[in-house]
Structures are given as C-alpha cells and as structure tokens.
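Q: My questions will all concern the structure given below.
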Amino acid sequence: NGLVLTDFKAAKEFTADLLKTKKGILVIPEPYRKWITVSGEVPEELTISGEESEAGTNRTEVQEAHLNPGKESCLPKLLLSPQAAVHGTDPPLESEGTAPLLPTARLQLIPPCLILGVGLKKGKTEQELLAFIRKVLQANGLLEEAIGQVASIDLKKDEPALWMAAETYGVPLRFFTAEELMQVKGEFSKSAFVHAVTGADNVCERAVIAAGAEEILVPKTAENGLTLAIGVRKMMIRF
Numbered sequence: 005n006g007l008v009l010t011d012f013k014a015a016k017e018f019t020a021d022l023l024k025t026k027k028g029i030l031v032i033p034e035p036y037r038k039w040i041t042v043s044g045e046v047p048e049e050l051t052i053s054g055e056e057s058e059a060g061t062n063r064t065e066v067q068e069a070h071l072n073p074g075k076e077s078c079l080p081k082l083l084l085s086p087q088a089a090v091h092g093t094d095p096p097l098e099s100e101g102t103a104p105l106l107p108t109a110r111l112q113l114i115p116p117c118l119i120l121g122v123g124l125k126k127g128k129t130e131q132e133l134l135a136f137i138r139k140v141l142q143a144n145g146l147l148e149e150a151i152g153q154v155a156s157i158d159l160k161k162d163e164p165a166l167w168m169a170a171e172t173y174g175v176p177l178r179f180f181t182a183e184e185l186m187q188v189k190g191e192f193s194k195s196a197f198v199h200a201v202t203g204a205d206n207v208c209e210r211a212v213i214a215a216g217a218e219e220i221l222v223p224k225t226a227e228n229g230l231t232l233a234i235g236v237r238k239m240m241i242r243f
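Numbering-wise (the working numbering), the sequence shown opens with residue 5 and increments by one.
Structure below.
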C-alpha cells in the first residue's frame, strides 16, 4: 500500500498489545476519511473506528468501546493519517494551520497522499525550497513522509531546486503547461503578475489539482519568491 512506518519500536509495542487484548482500533480521522478508504478482509482483531469501509470488508462496530470509553482508551490504536499523531499520554499538539488535532495513537502508518504544488523564482536553491516546504508542513501539522508527489509549471523544469526536492522525498516530479493549468476547474487565488509571466494566473494551487489531488488542504502560501500549496489525493488501503 506504500504506507510509511517510522517508529519500529511503537510497531512492536502495538503488536504485543494487540496479541494481549485481541482487539485494536484502526483510526482514520476527519477530514481524511473522505480520501483514505479501506477495502479487503480487515483482520478480525481490528475494528475500523468512524470509517465506512467498502462492501465485503469484514467490519464490526466498536459497540463495547463506545459504551465504555474507558475501555476504548485502553485498546491499541493504529492511526492512518498524513498528520503528526500524539503518542501515549502526551497532550495534543496544537496546529497553527488548518489541520485538525488528532487523538492519541499507539502506532501510526503514514499514507503518501499529499501533493505539493510549487512555484518559485529562478535561481532559488534546494535549501531554500526544502526549508520552506518543512515550515509550511510543520505549521499545518503535516508530515514529510506523507508527500507523494511534487508538481509545478513546465517553465520551471530547469530549476534544480525542484528536482532536488523531489529526489529528497523520493517522489515523482510532474510539470504542466500553462494551458493545462488554466483548464483545471476550481476556485483558486489569482495573480495578474503571475499570469503575465507564466500564462497561468496561479501555479501552485492549480498544479496540485492537475496532479490528481481531490482537494487543497493548504492554500497558496508565499515567502521570499516561493509559493506552495498542498493537496490530498484519494488512497485505497487494501488488506
């Protein structure tokens, strides 16, 4: 499924707890339930909390846990989300951006469902671009491991910073013509200056949707000749 596991110690602890309790909760939090879905035969030890899975999936309700919240909190939780989770009994992390706060989780698997749309002035360095990407991600509680694609306008295909950023994250880099970007439907911020220079009134937001995102999570953010928008694509997790 391409899911990323970053905490192997937590994975061992989750597995041990699951063997003890014979019951765990698979959590796909809002708003990501719209884009991350589950299919196939889910192990009977795992209950999908708050997620309607596809027909044929072995899904049971968290009846006892809902009736006894204290018991639910004791069950090991597996979180599927591109957003940073809170582990153990740590207090929730506050997000400065648009991402919601997540519940505590014993283990997190990160889906590479984020698409970055990037605009940049000529000559911007890899260090500048990566620092900007990390700043925006952190401000919105999103994880670098969740990046699945980078996109921009074809006028920037010779910018080394874009290629190095995609290589750093190990993801595809896609370019679109101004015409292709302008054909993308949706509501986007517009710049007459950018339109005059590139032929598209917006690069980063339109590139996100052109690359396959269902929705923009983080709208255009600009700083020192760099622009970034972050979108999310649909992912099917198959058991």
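Glycine residues also receive a C-beta, built at the ideal position from the N, C-alpha and C atoms.
If you're wondering where the values come from, they're calculated on a predicted model, not measured in any experiment.
1. In the DSSP assignment, find the alpha helix (DSSP H) that holds LYS139 and state where it starts and stops.
2. On a Cα-Cα basis, can you pick out the residue from ALA215, MET240 and VAL207 that is closest to GLY229?
3. Using the DSSP secondary-structure output, state which residues sit across from ARG178 in a beta bridge.
4. In three-state DSSP terms, what is LYS13?
5. Tell me whether ALA165 sits in a helix, a strand or coil according to DSSP, three-state version.
6. Is it buried or exposed, PRO95, if we count other Cβ atoms within 10 angstroms and call 16 or more buried?
7. Going by DSSP, what residue range makes up the beta strand (DSSP E) through VAL122?
8. For the candidate residues LYS139, GLN131, LYS126 and LEU147, whose alpha-carbon lies nearest to that of CYS117?
9. Drop a sphere of 10 angstroms on the beta-carbon of ASP162, count the other beta-carbons inside from all chains shown, and report buried for 16 or more, exposed for fewer.
10. GLN187 bridges to which residues according to DSSP?
11. Measuring alpha carbon to alpha carbon, tell me which residue in PHE243, GLU49 and VAL236 is nearest LYS38.
12. Starting from GLU219, trace the beta strand (DSSP E) both ways and give me its first and last residue.
13. Applying the criterion that 16 or more other CB atoms from any shown protein chain within 10 Å of the CB defines a buried residue, is PHE197 buried or exposed?
14. Spell out the partners DSSP gives LYS81 in its beta bridges.
15. I'd like to check one pair, LEU166 with VAL122: are the Cβ atoms closer than 8 angstroms?
16. Using 8 angstroms as the cut-off, can you tell me whether the segment 124 to 134 makes contact with the segment 22 to 40, which would need three or more C-beta pairs spanning the two stretches below that distance?
17. If we count the other Cβ atoms within 10 Å of its Cβ and call it buried at 16 or more, is ARG110 buried or exposed?
18. Within the same chain, show all residues whose beta-carbon is closer than 6 angstroms to that of ALA226, passing over the 5 residues directly before and after it, in chain order.
19. Drop a sphere of 10 angstroms on the beta-carbon of GLN153, count the other beta-carbons inside from all chains shown, and report buried for 16 or more, exposed for fewer.
20. Is GLU209 buried or exposed, if buried means 16 or more other CB atoms sit within 10 Å of its CB?
21. For the alpha helix (DSSP H) containing ALA211, name the first residue and the last one.
A: Quick answer:
1. 130 to 143
2. VAL207
3. Per DSSP, the beta bridge partners of ARG178 are ALA155.
4. helix
5. Correct three-state label for ALA165: helix.
6. Per-residue confidence for PRO95 stands at a pLDDT of 38, beneath the threshold of 50, marking its modelled position as unreliable; no derived number is given.
7. 118 to 124
8. LEU147
9. exposed
10. The beta-bridge partner set that DSSP reports for GLN187 is empty.
11. VAL236
12. 219 to 227
13. exposed
14. DSSP output for LYS81 lists ILE29 as bridge partner(s).
15. yes
16. no
17. buried
18. none
19. Per the 10 Å Cβ criterion, buried.
20. buried
21. 208 to 214
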